[in-house]
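For what it's worth, my numbering labels the leading residue of the sequence shown as 49, then goes sequentially.
Backbone N, C-alpha and C fix where the C-beta goes; we use that ideal spot for every residue, glycine too.
Notes to accompany the following structure.
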Amino acid sequence: MNERNLSAEVVREVKKAIVGKDSVLVKVLAAILARGHILLEDIPGVGKTTLALAFAKALDLRFSRMQFTPDVMPSDITGFTLYNKATGQMEYQPGAVMCNLFLADELNRATSRTQSALLEAMEEGQVTVDGVSHPVPQPFVVIATQNPVGASGTQRLPDSQLDRFLLRLSLGYPSPAEELELLRRRQYGQSMGGVSQVVDSQSLEQLRQAAERTYVSDEVLRYIITLVGATRKHPQLIQGASPRATLSLTAVSRAVAFLRGRDYVVPEDVQTIWREAVAHRLLLAPGVEGTADAWEIAGEVLRTVNPPKIQ
């Protein structure tokens, strides 16, 4: 089975657990292939945890989940060192983040200090405990969930942490037909047990490398730069997208093109993922909240920047 067929098979397996959210599943897989992390923002109970579990099973990723509450400590995530009387040495005790797919559930309920414990693992692929660095297993993906800002017990994630997430996605409510199918599956005991492993870590790395080989022309690169640059000049924003956003958008556009069966990126690939990759990185100017939001502004930028014509 070739790489693109493998990718399609992964989505088919995850769909056994998640009903009717095909476009979200493809975007999650694109982020994983682009070596990025995903933030799922939605109300409780719409399937965020189930989605993470299904991808872990289909991709054969060692899974760890932590429910973030105000009393979770940074050492719960990164691990800690403990004195071993038998050896007379300080020994590292791994934390929850030492896995392949880490589900940070309700991340915005934790304290800022605990949230920041994830930053090094997300950006550098390691954690530092008592001055000693420990690499996280590879592949490594963080899927974090957060309740909408303003929900009970939540606080806004800092800009520096939001910028580490490649995509911010939302599952949303199911349609009546989708909810009926969900009830039917549960009634007959069809849930996570139906999801099978499709690839192993070696095959996933091959898929990632295949996505990275997807060609991006100078015209499309300039289009990406123009889009990102427009956010930095927008009158309703005091902070536009960072250079990290430019790199992230390019990487995930490659993955989208790969999943669509092409070995080159076209403007439509960039447009498909633009708002999910950029909106959470934008900071509104004072007085704008209530009249517009970052999602709308990102959409406005997309409409006003003319895409190149690819021959």
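Residue interval of the alpha helix (DSSP H) (run including residue i)
| i | result |
| --- | --- |
| Phe213 | No alpha helix (DSSP H) contains Phe213, which DSSP labels as neither H nor E. |
| Ile125 | Pro122 to Thr126 |
| Ile345 | Ala342 to Thr352 |
| Val59 | Glu51 to Val62 |
| Thr98 | Lys96 to Ala106 |
Buried or exposed (CB count within 10 angstroms, at least 16 for buried), residue i
| i | result |
| --- | --- |
| Val304 | buried |
| Tyr271 | buried |
| Val62 | buried |
| Arg234 | exposed |
| Met138 | exposed |
| Arg279 | What sits at residue 279 in the sequence shown is Thr, not Arg. When all chains shown are included, Thr279 counts as buried. |
| Asp153 | buried |
| Leu231 | exposed |
| Thr135 | exposed |
| Val180 | exposed |
Terminal residues of the beta strand (DSSP E) in which residue i lies
| i | result |
| --- | --- |
| Pro183 | Val180 to Pro183 |
| Leu88 | Ile86 to Glu89 |
| Ser251 | Taken as a continuous stretch (DSSP letters only), Ser251 belongs to no beta strand (DSSP E), being part of the alpha helix (DSSP H) at Ser249 to Glu260. |
Straight-line Cα distance separating residue j from residue i
| i | j | result |
| --- | --- | --- |
| Asn354 | Glu57 | 35 Å |
| Ile191 | Leu149 | 7 Å |
| Ala342 | Thr129 | 42 Å |
| Ala293 | Ser160 | 22 Å |
| Leu101 | Leu88 | 14 Å |
| Thr298 | Pro187 | 20 Å |
Rounded distance between the beta-carbons of residue j and residue i, thought under 8 Å
| i | j | result |
| --- | --- | --- |
| Ala169 | Val145 | 5 Å |
| Pro334 | Val268 | Pro334 to Val268, Cβ: 35 Å. No contact. |
| Leu54 | Ser251 | 7 Å |
| Val74 | Leu307 | 6 Å |
| Val59 | Leu81 | At roughly 12 Å, the Cβ-Cβ gap does not stay under 8 Å, so Val59 and Leu81 are not in contact. |
| Pro206 | Thr162 | Actually they are not in contact, since the Cβ atoms of Pro206 and Thr162 sit about 12 Å apart, beyond 8 Å. |
| Glu260 | Arg212 | Glu260 to Arg212, Cβ: 20 Å. No contact. |
| Leu332 | Gly288 | Rounded, the Cβ-Cβ distance is 11 Å, inconsistent with contact. |
| Val264 | Val313 | 5 Å |
- Whole beta strand (DSSP E) runs in the stretch 262-322 with 3 or more residues, listed along the chain? 285-287
- Taking the runs of the alpha helix (DSSP H) that are 4 residues or longer, which of them lie wholly in the stretch 133-181? 160-164 and 167-172
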